[in-house]
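In UniProt numbering, the protein residues as written are 1 to 332.
Input: a single structure, listed below in structure tokens.
Structure representation (structure tokens):
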């Protein structure tokens, strides 16, 4: 009987010892996961809505858990101040200009605080620092956005349904093209003409390119004008001479114009002859009379040469001319 009680007491003692060991291991494991027994610094931030965050939830930085939520309390009218502990090992990587926002551990997991941002040139966080809370999109906001997207998709679907029905009924350009073969052929002809026009434009562009290459070919006038300064100088001189010639021609034309104006007037002899018929006839009559007088004088002189009184004078004059001609011929 006593041996049975001793055996039972031993078994109970063993189970109690195992329970104590399991309890201690559980406490240390839980404390290790929540950093209860490790050193760290405490920081805080104030959120408008913590969205179900609880004490003991994790604080994450770059996908790594670096701390634990210690306390949540209301401040002001409806805000919540959250205090959290950051591990000593992670402190050098968190800067005091970083932002804190609420997130979730997985799609529907526990709420967590995520540390984001922070510039390397800013000081690292220290005990008692207050960081800026960043408003993140909550699950409700996501659901509202999805709901709005669903409404938009439904509206787009209805529009597509209406458009396809109008096309099937032969309404609109697309519907007419699908239902009227004549119109479709005309549209195809228009497209073909546009294609031909595009090809013609492409060919014209190619021809213009070839023309440009010919202009840039060595030895051509364009190439000389662009590259040979002497040719350009000669051309410039030719243009200057042409301008001078144009000025001279203009002056000549002006002189002709003035002469023509004088000829059209009655202040000159030519103007009188051209414009005053009476005086022109009078002058013509004068010239005729003068011509007749000269003719009569010539006849009188011929008759006078036969007169015995002066006939000797004319003979001596004629003989003197013959002697003069002989001397000239003899000297040759």
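Beta carbons: idealized from backbone N, C-alpha and C, even for Gly.
**OP:** Just mark residue 84 as buried or exposed, buried being the case when its beta carbon has 16 or more other beta carbons within 10 Å.
**Re:** By the 10 Å Cβ count, residue 84 comes out buried.
Original post:
beta strand (DSSP E) containing residue 64: first to last residue?
Top reply: Note, residue 64: beta strand (DSSP E), 64 to 75.
Subject >> C-beta atoms of residue 90 and residue 66 nearer than 8 Å >> reply: Closer than 8 Å, so yes.
Original post:
So, are the CB atoms of residue 46 and residue 58 less than 8 Å apart?
Top reply: Between residue 46 and residue 58, the CB-CB gap reaches or exceeds 8 Å.
Original post:
At what residues does the beta strand (DSSP E) containing residue 45 begin and finish?
Top reply: Its beta strand (DSSP E) spans residues 40 to 47.
Subject >> Helix, strand or coil at residue 128 according to DSSP, with G and I counted as helix >> reply: Three-state DSSP puts residue 128 in coil, outside helix and strand.
Original post:
For residue 15, which residues from the same chain have a beta carbon less than 6 Å from its beta carbon, with the 5 sequence-adjacent residues on both sides left out?
Top reply: Within the same chain, residue 15 has no close Cβ partners at all.
Original post:
Going by the beta-carbon positions, is the gap between residue 111 and residue 52 smaller than 8 Å?
Top reply: Result yes, Cβ atoms of residue 111 and residue 52 sit closer than 8 Å.
Subject >> Reduced DSSP secondary structure (H/G/I, E/B, other) of residue 188 >> reply: Helix, per DSSP.
Original post:
By Cβ distance below 7 Å, which residues in the same chain neighbour residue 289 in space, the five residues on each side in sequence not counted?
Top reply: Nothing meets the Cβ criterion.
Original post:
Is it a yes or a no for the segment 113 to 129 touching the segment 90 to 99, going by three-plus beta-carbon pairs under 8 Å?
Top reply: With the cut-off at 8 Å, the segment 113 to 129 and the segment 90 to 99 touch.
**OP:** Give the secondary structure of residue 94 by DSSP, where H, G and I count as helix, E and B as strand, and everything else as coil.
**Re:** If DSSP states are grouped into helix, strand and coil, residue 94 belongs with coil.
Subject >> Selected residue, minimal CA-CA separation from residue 106, among 40, 9, 283, 63 >> reply: For the residues 40, 9, 283, 63, the minimum Cα distance to residue 106 belongs to 63.
Subject >> Assigned secondary structure, residue 101 (DSSP; H/G/I helix, E/B strand, else coil) >> reply: If DSSP states are grouped into helix, strand and coil, residue 101 belongs with the strands.
**OP:** Go ahead and pull the three-state DSSP assignment for residue 81.
**Re:** The DSSP-derived three-state label of residue 81 is strand.
**OP:** Please look up how many angstroms separate the CB atoms of residue 338 and residue 116, rounded, as I've assumed it's under 8 Å.
**Re:** Not covered by the structure: residue 338. The range shown for the chain is 1 to 332.
**OP:** Determine, using beta carbons only, whether residue 127 and residue 20 come nearer to each other than 8 Å.
**Re:** No, Cβ-Cβ distance for residue 127 and residue 20 is not below 8 Å.
**OP:** List the endpoints of the continuous beta strand (DSSP E) containing residue 59.
**Re:** Where residue 59 is concerned, the enclosing beta strand (DSSP E) stretches over 58 to 61.
**OP:** Within 10 angstroms of the Cβ of residue 368, are there 16 or more other Cβ atoms? Answer buried if so, exposed if not.
**Re:** Outside the shown range of the chain, which is 1 to 332, sits residue 368, and nothing can be said about it.
Original post:
Run through DSSP, which three-state label would residue 254 get?
Top reply: For residue 254, the secondary structure class from DSSP, reduced to helix, strand or coil, is helix.
Original post:
Assuming residue 71 and residue 55 make a contact with CB atoms under 8 Å, what is their CB distance in whole Å?
Top reply: Approximately 7 Å separates the beta-carbon atoms of residue 71 and residue 55; this is inside 8 Å, confirming the contact.
**OP:** Between the Cα of residue 133 and those of 145, 148, 159, 79, spot the shortest distance and give me the residue it belongs to.
**Re:** Nearest of 145, 148, 159, 79 to residue 133, Cα basis: 79.
**OP:** Count the other C-beta atoms from every protein chain shown that fall within 10 angstroms of the C-beta of residue 113, then say buried if there are 16 or more, exposed otherwise.
**Re:** Taking every protein chain shown into account, the CB of residue 113 has 16 or more other CB atoms within 10 angstroms, so this residue is buried.
Original post:
Which of the three DSSP states, helix, strand or coil, is assigned to residue 54?
Top reply: Residue state, collapsed to three classes: coil.
Subject >> residue 322 (DSSP reduced to helix, strand or coil) >> reply: In the structure shown, residue 322 sits in a helix (DSSP, three-state: H, G or I).
Original post:
Should residue 50 and residue 82 be called a contact, given that it needs their Cβ atoms to be closer than 8 Å?
Top reply: Taking 8 Å as the Cβ cut-off, residue 50 and residue 82 qualify as a contacting pair.
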